[in-house]
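What follows is one structure encoded as structure tokens, with my remarks underneath.
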Ligand SMILES: [Zn+2]
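Residue numbers (the working numbering), protein chains in the order written: chain A, 13 to 173; chain Z, 5 to 256.
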């Protein structure tokens, strides 16, 4: 008999197809594992509405659980409460940084909501804070494009949501 | 019209706005003036398409006839679409596209801010999710309106032309009909008058900073929400629906 803890352990094999160092749990996409009427219900939530990786993640979850012999389960997607970068685990943020992507920084108390000044983002390569945003929109929906003015390297920043 | 019918219409309007503006923006793919801005517009287009999928899936559930998001997107004709006219206009030049985004994003932002508190759980959930993304869209289009409006003589002139051309399509956003009124009464939908005031304040503030002049024209086009579209709508559908119509069983 599988337990929720065991399923959670198996699901550490499933990673974000676009950022393969992050597991679904690191990312905060895996919301719940619960048995309802003899069926395991795995609940996930999308990062962005249009995230093209969601379908792949769902298929990867199904494949991983089948591989471990689990049969009675289904994967459900919920929108609420809506995903936020606050759900990314500390381990996940550390892995991101090592992977070369600056992890999300909590928005400051700065009240410039709409025309806000961007936060200081540390360069994942040389750790300089002398960085600037090139574009609010980067290689995927969840990232912004930055450049470091010390080591001159461009880098991705996992932006806050 | 009963509440169920109004609710379905309401979701289709939300879904079709996202779908059609998302499709228009996707036309910029590979044509942006510089790589970063090409990527930015396509990211925003993707958000819109993702939101459209959520709204149209909800519409299908509410209707209860087994229609999917794809059925709504690919198997309706122009008069069955409920998007605002401003979303279907051609992209024009970069300035036209940015100005359209700005006028629509501002409306979309205040609309979703209210809808996240909708009495209808499905609507509230999608609105709450979408709002976080729309926040970024509005930031982006506002910054570009200011940069280009208060830019060179050429960019200023292009932005003013864009504003003059698009202005007559802004009134429809705030024009409440039976559907809007029913949804407002049920605390499901938003008060368009309230949005209009917030929209006016914000748009004026940004345009002033952009040194652009608000047109004095107060005559507005309307009809999109009721399915009366511009001649451009058929061309959008011809492209968007070609594949599923020509190859109905095609799968990804
Ligand atoms: Zn650096």
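Even glycine gets a Cβ: it sits at the ideal position worked out from N, Cα and C. Remember, it's a predicted structure, so these values are computed and weren't measured experimentally.
Taking C-beta separations shorter than 6 Å and ignoring five residues to either side along the sequence, the partners of residue 101(Z) in its chain run 95, following chain order. The way I'd put it, the region 45-54 of chain A doesn't touch the region 93-113 of chain A; fewer than three beta-carbon pairs between them come closer than 8 Å. Residue nearest to residue 15(A) within the set 26(A), 30(A), 53(A), 33(A) is 53(A) (criterion: CA-CA distance). Between the alpha carbons of residue 181(Z) and residue 226(Z) lies a distance of about 11 Å. In the structure shown, the three-state DSSP call for residue 13(A) is coil. Placement of the Cβ of residue 243(Z) at a distance of 7 Å or more from every heavy atom of ligand 1 is found. Counting only runs that start and end inside the region 71-116 of chain Z, the alpha helix (DSSP H) elements of at least 4 residues fall at 73-78, 89-92. Using a Cβ-Cβ cut-off of 8 Å, residue 114(Z) does not count as an interface residue toward chain A, since no Cβ of chain A sits closer than that to its own. 211(Z) is the residue among 255(Z), 234(Z), 211(Z) whose C-alpha sits nearest the C-alpha of residue 106(Z). From the beta-carbon of residue 134(Z), the residues of chain A found nearer than 7 Å are 61. In the three-state DSSP reduction, residue 23(Z) falls in the helix class (H, G or I). Put simply, the CB of residue 102(Z) is far from chain A, with every gap to its CB atoms at 8 Å or more.
Residue-level contact by beta carbon fails for residue 24(A) and chain Z, as no gap is shorter than 8 Å. Residue pairing from DSSP places residue 156(A) in a beta bridge opposite 169(A). Within the model, the alpha-carbon separation for residue 115(Z) versus residue 103(Z) is close to 18 Å. With a threshold of 7 Å, the Cβ atom of residue 137(A) counts as near ligand 1, since some heavy atom of the ligand is closer than that. Residue 199(Z) is positioned such that its CB atom lies no closer than 8 Å to that of residue 24(Z). Contact of residue 148(A) with chain Z by beta-carbon distance below 9 Å involves 44, 47, 140, 143, 144, 147. The alpha-carbon separation between residue 31(A) and residue 22(A) amounts to approximately 19 Å. Chain Z places no beta carbon closer than 8 Å to that of residue 75(A), leaving this residue out of the contacts. Of all residues in the region 52-76 of chain Z, the ones placed with a Cβ closer than 7 Å to any Cβ belonging to chain A are 53, 54, 55, 58, in chain order. For secondary structure counted as the alpha helix (DSSP H) over 4 or more consecutive residues, the region 79-150 of chain A holds these complete runs in sequence order: 102-111. Contact residues of the region 83-103 of chain A toward chain Z are 91, 92, 94 (C-beta to C-beta distance below 7 Å). Exposed is the label assigned to residue 138(A), since fewer than 16 other Cβ atoms lie within 10 Å of its Cβ. A straight line joining the alpha-carbon of residue 22(Z) with that of residue 93(Z) spans about 14 Å.
The three-state secondary structure of residue 6(Z), taken from DSSP, is coil. Relative to the Cα of residue 20(Z), the nearest Cα in the group 83(Z), 7(Z), 31(Z) belongs to 83(Z). Under the three-state reduction of DSSP output, residue 62(Z) falls in the helix class.
Between the C-alpha atoms of residue 68(Z) and residue 149(A) there is a straight-line separation of about 37 Å. Within the DSSP secondary-structure output, residue 52(A) pairs in a beta bridge with 47(A), 85(A). At a cut-off of 8 Å between beta-carbon atoms, residue 173(A) makes contact with chain Z. DSSP, reduced to helix, strand and coil, places residue 16(Z) within a helical segment of the structure shown.
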